[in-house]
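Right, one structure below, let's go through it.
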Amino acid sequence: MIAGLLGGALLTLTLAAPAQAWPLTYGSPGANRVVSGKGSFPHLLVISSAAEAPVRWVVSLPARRLCAIDANGTLWIFELGQTELHVVGRYGEIASPDGPPVVVTLGEGRTAVVAVAPDGRLLIWNEGALRSLDVGSPLSRLTFPVPVSLEGKSWDDLLAVTSDGALVLIGGLASAPRILSRVDAHALPDARITLGRLDGSAGLQAMVLSDATDRYPQGALGDKLEASSLTVVTVAPNALAIRFRYVVRAPAVLADLIPIVAPVGEGQRPGLVVVKGSLRQGASLLVLGWRDTGLEALAEGPALGQSNRWVHVLGAADVSGDGIPELIAVNTPHVAGVLVAYERRGGALVPMAKALGYASHALGSRNQDQAVIADMSGKGRLQVILPRQSRDVLAALELSNGRWEERWALQLAGPVQSNLLVDDLDGDGLLDLVVADRRGLHVFLSVR
Numbered sequence: 164m165i166a167g168l169l170g171g172a173l174l175t176l177t178l179a180a181p182a183q184a185w186p187l188t189y190g191s192p193g194a195n196r197v198v199s200g201k202g203s204f205p206h207l208l209v210i211s212s213a214a215e216a217p218v219r220w221v222v223s224l225p226a227r228r229l230c231a232i233d234a235n236g237t238l239w240i241f242e243l244g245q246t247e248l249h250v251v252g253r254y255g256e257i258a259s260p261d262g263p264p265v266v267v268t269l270g271e272g273r274t275a276v277v278a279v280a281p282d283g284r285l286l287i288w289n290e291g292a293l294r295s296l297d298v299g300s301p302l303s304r305l306t307f308p309v310p311v312s313l314e315g316k317s318w319d320d321l322l323a324v325t326s327d328g329a330l331v332l333i334g335g336l337a338s339a340p341r342i343l344s345r346v347d348a349h350a351l352p353d354a355r356i357t358l359g360r361l362d363g364s365a366g367l368q369a370m371v372l373s374d375a376t377d378r379y380p381q382g383a384l385g386d387k388l389e390a391s392s393l394t395v396v397t398v399a400p401n402a403l404a405i406r407f408r409y410v411v412r413a414p415a416v417l418a419d420l421i422p423i424v425a426p427v428g429e430g431q432r433p434g435l436v437v438v439k440g441s442l443r444q445g446a447s448l449l450v451l452g453w454r455d456t457g458l459e460a461l462a463e464g465p466a467l468g469q470s471n472r473w474v475h476v477l478g479a480a481d482v483s484g485d486g487i488p489e490l491i492a493v494n495t496p497h498v499a500g501v502l503v504a505y506e507r508r509g510g511a512l513v514p515m516a517k518a519l520g521y522a523s524h525a526l527g528s529r530n531q532d533q534a535v536i537a538d539m540s541g542k543g544r545l546q547v548i549l550p551r552q553s554r555d556v557l558a559a560l561e562l563s564n565g566r567w568e569e570r571w572a573l574q575l576a577g578p579v580q581s582n583l584l585v586d587d588l589d590g591d592g593l594l595d596l597v598v599a600d601r602r603g604l605h606v607f608l609s610v611r
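Encoded structure:
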């Protein structure tokens, strides 16, 4: 284990050998938390920066920069130096702390950061300037817009959830942002939009959890409302249209915020992975797939068998090295914290490996991004990186001969507060990791 990493030291530890990352990217429109590439962990360099308030969200910007939002809603722009993080922008208490900032392309090689203000206005930062804009309808402050590039444009539009549950397409980000199209999706106010092509066509679909209900008030994800449906919306230039609404039968609910587009099983089209919950049975994993004209259940995992017991879906990837993606989740992250790899066998999701003692989510938080799957050691095998039950240690687990084994661990100065960000931050071709605890923001750089 690596301990005392919050200084700037170079650390090395010998690892067991590990195969090949599933080529889906963390932070992609499909929300599958898998990063392609490789790192050098635990051979690394640590750079830390103290924080005025705990950092809630952090994303990477081109040219060695990070954008963060802290618990007070302050928007930060950091630049990565050789030995420290430099603050190049600070905008006090202007963003909602409930949703992350998002990086968008404005065209002509320009990028920007977008976020939502507490009053539902759209915030756009680029070239050192911040704009606060009314796009025609207040956006939900409990989630964030998703960039989408349509018809091969060199710039992004945005898909966003409004405060009244509509899904809107916003264009003109470089000049005068405005709503181009709107559909009444009845989205949860904290629902996250995911994108994919579920039916195999060239058309793009947006998926969002919808139709709030209080029939299972478990409160794991920030409030006591859950979804009773999942809405599929077709996305075209200047046009949105509802294509299908999958409704879960009462008394069950969809106890999730993010439908993940991911491959589950051998030779399958990507499916939608969500959590189903009920008072009697508790939570179970559910995989939905597109058949003919709509969504239907393709596979389901065993229910936990007790109410107020939740499952946190991390994603799907080939962690066993056999070429077939497994579904990765943490059962009861607020209680026992059991990391599980599921394999699909027909209509069943069957647990194939378990490890006790990991907390990938904090009870009551809307942040479901405190775990990631990547080849951080650069040995060719994917690892699941997530907090231990104490939440002040990040551990990397690898599936070896049907068993989870910890390969390395990072001791933090306090519990994890932010999402886990994995990206090549310094442009050297290796994956790096960023996380915040209560004392500050920490960058763990792979080294050659």
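Each residue of the sequence shown is one higher than the one before, starting from 164 at the first, in our numbering. Quick reminder that beta carbons are idealized off the backbone N, C-alpha and C, glycines included.
Of the residues the options, which one's Cα is nearest the Cα of residue i?
i	options	result
residue 489	507, 302, 586, 255	507
residue 523	577, 474, 449	474
residue 283	267, 292, 273, 262	262
residue 570	555, 586, 547, 576	547
residue 492	514, 485, 486	514
residue 597	611, 575, 591	575
residue 324	437, 294, 279, 314	279
residue 396	498, 416, 372	372
residue 199	606, 344, 584, 607	584
residue 383	409, 390, 418, 361	418
residue 608	255, 347, 203	203
residue 468	445, 486, 485, 209	445
residue 591	197, 207, 528, 195	207
residue 406	424, 378, 380, 367	367
residue 485	304, 562, 318	562
Since residue i is in the beta strand (DSSP E), which residue starts that stretch and which ends it?
i	result
residue 306	Premise fails: residue 306 is in no beta strand (DSSP E) and is neither H nor E.
residue 110	Because the chain here runs from 164 to 611, residue 110 falls outside it and cannot be looked at.
residue 522	Element bounds for residue 522: n/a, residue is neither H nor E.
residue 241	238-243
residue 349	Residue 349 -> no beta strand (DSSP E), and no H or E assigned at all.
residue 368	367-376
residue 399	389-399
residue 439	434-441
residue 446	445-454
residue 325	Residue 325 -> no beta strand (DSSP E), and no H or E assigned at all.
residue 358	357-359
residue 201	197-201
residue 219	218-224
residue 603	603-609
Taking the alpha-carbon positions, what's the residue i to residue j distance?
i	j	result
residue 385	residue 586	28 Å
residue 536	residue 593	15 Å
residue 185	residue 538	Low confidence applies here, because residue 185 scores a pLDDT of 31, under 50, leaving its location unreliable; read the following figure in that light. When rounded, the distance between both Cα atoms is 10 Å.
residue 241	residue 356	27 Å
residue 233	residue 456	43 Å
residue 193	residue 578	28 Å
residue 401	residue 314	11 Å
residue 433	residue 512	15 Å
residue 187	residue 531	Interpretation of residue 187 is limited by its pLDDT of 36, a score under 50 that renders its predicted location unreliable; no figure is taken from the coordinates.
residue 604	residue 286	23 Å
residue 267	residue 505	34 Å
residue 250	residue 239	7 Å
residue 376	residue 441	12 Å
residue 438	residue 448	5 Å
residue 217	residue 309	24 Å
residue 275	residue 471	40 Å
residue 461	residue 435	10 Å
residue 281	residue 611	43 Å
residue 191	residue 424	10 Å
residue 480	residue 195	9 Å
Per DSSP, residue i is paired with what?
i	result
residue 381	In DSSP, residue 381 forms no bridge with anything.
residue 554	Residue 554 pairs with nothing; no bridge assigned.
residue 206	None; residue 206 has no bridge partner.
residue 595	586
residue 563	566
residue 257	Partner(s): none; residue 257 has no beta bridge.
residue 480	489
residue 215	Residue 215 is not bridged to any residue.
residue 334	341
residue 233	218
residue 298	Answer is none; residue 298 lacks a bridge partner.
Secondary structure, beta strand (DSSP E): runs of 3+ residues fully inside the stretch 487-513:
As summarised for the stretch 487-513, the continuous beta strand (DSSP E) elements at least 3 residues long and confined to that stretch are 489-494, 501-508, given in chain order.
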